[in-house]
Every structure is written in structure tokens, then in C-alpha cells.
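Plus 97 on top of the position in the first sequence (first one is 1) and you've got my numbering. Written out below as C-alpha cells is the structure these notes cover.
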Amino acid sequence: MSKVRVRYAPSPTGYLHIGNARTALFNYLFAKHNGGDFIVRIEDTDVARNIEGGEKSQLDNLKWLGVEWDESIDMGGDFGPYNQLARHEAGIYTKYVDQLLAEGKAYKCYCSSEELDVEAERQKAEGMIPRYNGKCSNLTEAQIAGFEAEGRDYTVRFRVPTNEEISWTDIVKSDVTFNSKDISGDFNILKRDGIPTYNFAVVIDDHLMEISHVLRGEDHISNTPKQIMLYNAMDMTVPTFGHMTLIVNPDGKKLSKRDTSIIQFIEQYKDLGYLPEAMFNFITLLGWSPVGEDEIFGKEELIKIFDETRLSKSPAKFDEAKLTWINNQYVKQLSEDEYYDLVLPFLQKDLSAEDSAWLKAVAMLYKDQLSYGQEITELVTLFFKDEISLDEESLEFVRQEGVVETLEALKANLAASEEFTADAIKAAIKAVQKDLGVKGKMLFMPSRIATTGQMHGPDLTSSVSLLGKEKAIANIDYVISQI
RNA sequence: GGCCUGUUGGUGAAGCGGUUAACACACAUGCCUUUCACGCAUGUAUACACGGGUUCGAUCCCCGUACAGGUCACCA
98 MSKVRVRYAP SPTGYLHIGN ARTALFNYLF AKHNGGDFIV RIEDTDVARN IEGGEKSQLD
158 NLKWLGVEWD ESIDMGGDFG PYNQLARHEA GIYTKYVDQL LAEGKAYKCY CSSEELDVEA
218 ERQKAEGMIP RYNGKCSNLT EAQIAGFEAE GRDYTVRFRV PTNEEISWTD IVKSDVTFNS
278 KDISGDFNIL KRDGIPTYNF AVVIDDHLME ISHVLRGEDH ISNTPKQIML YNAMDMTVPT
338 FGHMTLIVNP DGKKLSKRDT SIIQFIEQYK DLGYLPEAMF NFITLLGWSP VGEDEIFGKE
398 ELIKIFDETR LSKSPAKFDE AKLTWINNQY VKQLSEDEYY DLVLPFLQKD LSAEDSAWLK
458 AVAMLYKDQL SYGQEITELV TLFFKDEISL DEESLEFVRQ EGVVETLEAL KANLAASEEF
518 TADAIKAAIK AVQKDLGVKG KMLFMPSRIA TTGQMHGPDL TSSVSLLGKE KAIANIDYVI
578 SQI
């Protein structure tokens with residue numbers, strides 16, 4: 098078998114979204130698992146839709162995820178250039194167009210866009226699926242000369258065989274067959290502006306770059322027969338294809354750019370404080386599953402165990418709860434400093450040096466339960482608000498018999514406490530137990546509710562210590578007033 | 001509409017002719033922690049879309065139905 102060479106070929110018409118990222122990831126894993134090359138090629142032939150920063154977003158975010166490429170626009174390689182516009186300018190595609198034209202496998206179409214539109218409307222009105230009617234497919238020499246003399250511009254169309262079976266063995270879908278008659282007529286390979294269309298450029302580039310396997314989204318599956326016909330027409334080796342199922346939203350629909358039901362751009366996850374390793378892990382589980390029962394895998398391990406035959410045939414549903422869970426698994430493994438770096442951007446930063454140690458201690462309280470960076474903002478509100486308030490459940494608990502006495506005693510002990518360390522607070526609580534004989538849940542829960550206003554939270558004594566004497570006592574007063 | 005594809009517990013997802021139909025998340029309970037969270041253990045769950053075949057035997061194979069998705073550009 099020749100060397101495995103795969104590519105991820107984004108068009109810079111948008112930022113890197115979750116579906117792109119998955120395609121890139123699987124290509125990367127497949128390449129590295131097989132000791133092959135992973136190439137990033139920019140497909141920028143849609144000049145009008147290319148957006149500022151699209152290319153950079155693609156590359157930067159891939160890098161953030163930990164995907165590394167062997168050849169690309171930013172590092173070069175032996176098969177450059179790595180963006181199609183540059184390849185077009187270098188005249189790479191011309192030769193092949195000329196060859197197809199000369200062999201009669203393609204022809205120039207002089208129909209104007211308006212003519213085509215009218216024809217399409219007519220076909221639609223008759224209940225047909227619009228497709229090119231082949232008007233220019235058999236022009237006489239004289240007609241051609243006439244159009245040329247008029248200075249009409251043209252596109253180049255590929256002559257699609259009339260009734261031919263095109264099949265291939267797909268890595269994920271197994272045997273797939275299309276009939277050429279179901280394809281939308283003679284399709285363009287060169288646009289009016291002389292730039293090749295996607296279907297044409299991709300074939301030439303994959304051929305020249307010696308791409309061995311094409312792993313892409315299922316939305317490309319109907320392009321594949323067109324591309325295979327082109328490979329055949331030019332007598333080129335057809336790569337092995339694999340069409341991965343789409344990632345769908347909670348409603349089971351394909352992700353669209355406007356879909357707000359889930360966050361779909363990698364950049365946004367980065368901004369929310371998700372960890373790249375966790376995203377890598379999570380995305381890998383979208384439409385693929387490892388053999389065993391584990392689900393948490395690092396990059397190196399994934400490279401080792403990746404198996405393209407385990408790509409799923411049914412759509413991958415984006416499970417946000419799973420993502421949060423996976424991310425938390427990775428957060429827990431962080432060192433204290435790494436963790437603090439992650440959450441700091443989401444905390445108030447205008448603090449003095451003294452306060453910054455306090456802030457770090459507050460943040461540390463939540464390390465084991467934090468799902469993603471931004472979540473810290475909500476988690477720590479207790480430490481920043483002036484007054485607490487109680488929910489129904491807390492009120493109910495605190496209104497049980499004897500709680501007032503417990504709280505009064507706690508308040509007195511805390512007020513008397515010289516230092517306000519976690520240990521001192523523990524001692525204060527213990528003293529209440531000794532004096533009043535309450536213990537366990539009936540001791541700690543009222544203490545927790547009265548000082549923090551919450552029934553659930555991090556380590557109590559540390560929390561109270563960080564809250565400070567003044568606030569803790571004020572909170573207790575408030576709670577007593579509510580009973 | 002043509003063509004292509006999918007349908008397994010609340011959610012995600014294994015399974016490829018014979019299984020007590022994995023596992024994870026979520027949920028519940030217990031243990032741990034004098035509370036909480038983490039962790040650990042256990043458990044709940046009328047899960048194989050429906051109808052026909054094939055077979056000694058179908059979640060797994062075939063046909064049909066329903067539902068869902070994809071795609072039919074001078075976009076990629």
C-alpha cells in the first residue's frame with residue numbers, strides 16, 4: 098500500500114465549527130494512526146464568499162485543538178501551493194481542462210446566466226428538477242465561431258455519461274452506487290470567471306497531492322460520483338472514500354450556521370473556557386466509538402486506538418451534557434496553577450495583590466465541580482454579593498425547631514473568634530455542638546445555610562473563612578430574621 | 001419529487017444470527033465526609049420504529065410501511 102496521505106480542505110467562508118473540526122480530527126487520527134501525512138488545503142475558489150479571517154480561524158483553532166499538520170499554506174510542503182486560488186493562478190488546472198476539451202469529454206457552454214435561469218424556471222413549472230438541458234453540448238463549428246465573435250463568455254461543462262453505474266466501496270457506508278442519469282446533468286468544471294469549480298479542483302488537487310483517502314462529511318456523498326467520473330475521464334487513480342455521518346442538533350437536524358440550539362464554533366468553546374484536550378476527546382466520540390468501555394482518551398492514545406471501521410453509520414447527536422462532563426473530567430486533572438489560569442479570565446480582576454491570593458483560594462473551592470471556565474462566574478457569586486437570599490428548600494430547613502438557637506450560638510462563637518481561619522471556624526461550630534448537643538446534619542446544614550445562603554456548596558469552613566467574619570455574621574442575622 | 005441514508009432504555013452509544021442486549025451521562029439509594037461537593041458502590045429503566053418473510057433460531061439477513069435526515073448550483 099502506498100503512503101497514507103489525507104487532507105482537511107476547508108473553505109475560508111466561515112470559522113471552524115464543530116463539524117469541520119471533526120472532519121479534520123478524524124483525518125488527522127487516521128493519518129497518524131497509519132504513519133501517514135495530514136495536509137491542510139484551503140479551498141478558496143468561491144471568491145465572493147471568502148471571509149476575512151476565515152482561513153486564520155480554521156488554522157488557529159485546529160492548532161488550539163492540538164491537530165498538527167505536515168503540509169499546509171503556512172508551512173509549505175512538496176505539493177504546494179496549498180490554496181486553490183494560488184494553484185489556479187499558477188495555471189495548474191488549465192492543462193486538465195484543455196485535455197478534457199480536446200478529447201471532447203468537456204465542452205464550452207455559452208448560455209448566459211439569464212438563459213439558464215429562465216430554463217430552470219420553466220422546468221420547475223413543469224414539475225421537473227431543473228438541470229442543464231445540454232443546449233451547448235453539440236454546437237457546430239459555425240455556432241461556436243459565432244459565439245466567439247460575439248465575445249460571449251462561457252463556462253466549461255463536463256459531459257456526463259448517459260446511463261452509467263458509478264460505485265465505490267465507502268469506508269463507512271460500504272458499497273454505494275449511483276447512476277449517472279441521477280446526476281444533475283452536465284456540470285460545470287470551470288466557472289465563467291475561469292476559476293475551477295469545487296468538484297473539479299478537488300479532483301485535480303487530490304490527484305496531484307497524492308491523496309490516498311478522502312474522509313469527509315456525508316453531505317459530500319452526492320459529489321463523489323461526479324468526482325469519480327472526472328478521475329476516470331482523466332485516467333487518474335481514484336482515492337478511497339469515506340463519508341462520515343453528519344453531526345445533528347438536539348432536534349436531529351443538520352447543524353446550520355444559524356442554529357442556536359448548540360454552540361458550534363470552536364472559538365466559542367475556547368472563549369467559554371473549555372479545554373482543548375477535552376474538546377478533542379469529545380469530538381472524537383461524535384460518530385465514532387472505541388472498542389472498550391472507557392471514554393476518556395488523550396490524543397496519543399486516540400492515535401493508537403483509532404480505527405476507521407468503527408465510524409458510525411447513523412447520525413451523531415451532539416450531547417451537551419456529555420461535553421460538560423468530559424470537560425469536568427479534564428478540569429479535575431489540572432494542577433492548581435493550570436486551573437487558576439483557566440478561571441482567572443472569568444473572575445473580577447481589579448483586585449489588589451492581597452485580594453488576589455484570596456480570589457485564588459475562592460476559585461480553588463470549586464475545582465472539583467467546575468465544568469468549564471466561565472461557570473466560575475456563577476459559582477462564586479456568593480463571595481461578591483452584599484446580601485444573600487434563601488430559596489424555599491433552605492427556608493423550610495432553617496425553620497425547623499431549634500435552628501434559631503443553633504444559629505444564635507454559632508453567631509456568638511464566630512463573633513468571639515479572634516482569627517477567622519477554617520480551623521477556628523471549625524472550632525466555633527464544634528463548640529455549638531458541645532453547648533447545645535446538636536450534631537450532624539442538624540448542626541452543619543443550618544450553619545451552611547445561614548452563612549452562605551445555600552444548601553449545596555464547597556467545603557464549609559473554608560468558605561466561611563474566605564467569606565470573612567463581617568459578612569458571615571451579617572448573613573446569619575439575615576437568616577435569623579427570616580425564621 | 002428522484003437518488004442516498006438512518007431508526008437500540010430519559011439522553012448518548014455498543015452489539016454484525018443463539019448475550020441476563022454492554023458502557024457512559026442523567027436519575028435514585030447506600031458508603032465516605034459530623035454538612036456540602038468529589039469519589040466509591042448498588043439500583044431504577046415495558047430500549048431493539050412497525051408489518052411481513054428467510055432460518056431450528058432474528059436487534060443483527062431480505063422485502064415493504066412509517067418516521068427522520070442528507071442531496072439534487074457557474075457553493076464548497
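Glycine included, every Cβ here is placed at the ideal spot set by N, Cα and C. The structure displayed is predicted, hence computed values, not measured ones.
First through last residue of the alpha helix (DSSP H) which encompasses residue i
i	result
glycine 151	151-162
glutamate 567	566-579
methionine 376	373-381
threonine 321	321-330
arginine 313	Per DSSP, arginine 313 belongs to no alpha helix (DSSP H); it is in the beta strand (DSSP E), 310-314.
glutamate 302	Looking at the sequence provided, one finds aspartate at residue 302 rather than glutamate. Taken as a continuous stretch (DSSP letters only), the alpha helix (DSSP H) holding aspartate 302 covers 295-305.
tyrosine 125	115-130
Contact set for residue i: own chain, Cβ-Cβ below 8 Å, skip 5 residues either direction
i	result
lysine 419	Phe379, Leu382
threonine 558	Ala519, Asp520, Ile522, Lys523, Ile526
Where the beta strand (DSSP E) through residue i begins and ends
i	result
aspartate 171	Run containing aspartate 171: none; DSSP gives neither H nor E here.
valine 253	252-255
valine 535	Run containing valine 535: none; DSSP gives neither H nor E here.
threonine 337	337-341
isoleucine 359	Premise fails: isoleucine 359 is in no beta strand (DSSP E) and is neither H nor E.
asparagine 285	285-287
Buried versus exposed, by CB contacts within 10 Å (16 or more), residue i
i	result
glutamine 579	exposed
aspartate 303	buried
glutamate 168	buried
arginine 585	In the structure as shown, the chain starts at 98 and stops at 580, and residue 585 therefore has no counterpart that could be examined.
phenylalanine 481	exposed
threonine 237	exposed
phenylalanine 460	Looking at the sequence provided, one finds alanine at residue 460 rather than phenylalanine. When all chains shown are included, alanine 460 counts as buried.
valine 144	exposed
glutamine 324	buried
asparagine 117	buried
valine 500	buried
threonine 357	exposed
methionine 326	buried
alanine 187	exposed
proline 293	buried
methionine 306	buried
serine 353	exposed
lysine 160	exposed
alanine 375	buried
glutamate 211	exposed
glycine 150	exposed
glycine 370	buried
According to DSSP, residues forming a beta bridge with residue i
i	result
tyrosine 105	Val137
phenylalanine 275	Ile263
isoleucine 402	Note: isoleucine 402 sits in no beta bridge, so no partner.
alanine 413	Ile344
leucine 408	Trp385
asparagine 180	Ile139
lysine 351	Val345
Beta-carbon contacts of residue i that lie in its chain and below 7 Å, excluding the five residues immediately before and after
i	result
valine 269	Gly339, His340, Met341, Leu408, Lys410
serine 264	Asp272, Val273, Thr274
tyrosine 575	Glu484, Ile485
serine 560	Leu462, Thr549, Gly554
glutamate 417	Ile359
glutamate 262	Thr274, Asn276
isoleucine 280	Val257, Pro322, Lys323
Contacts around residue i, its chain only, beta-carbon distance under 6 Å, and the 5 residues preceding and following it disregarded
i	result
leucine 113	Ser154, Gln155, Asn158, Ile363
glutamate 405	Phe127, Ile268
glutamine 220	Pro227
lysine 536	Gln530
glycine 589	The requested residue 589 is not part of the displayed model; the chain covers only 98 to 580.
lysine 457	Tyr437
isoleucine 301	Tyr190, Tyr193
threonine 266	Asp272
isoleucine 402	Pro387
asparagine 425	Ser468
Checklist entry - What are the complete alpha helix (DSSP H) segments, minimum 4 residues, inside the segment 430-516? => result As far as the segment 430-516 is concerned, its whole alpha helix (DSSP H) runs of at least 4 residues are 433-440, 450-461, 472-476, 489-495, 500-513.
Next on the checklist: I'd like the ranges of any beta strand (DSSP E) spanning at least 3 consecutive residues and lying wholly in the segment 182-264.
Outcome noted: For the beta strand (DSSP E) assignment, the uninterrupted runs of no fewer than 3 residues enclosed by the segment 182-264 are, from N- to C-terminal side, 203-206, 252-255.
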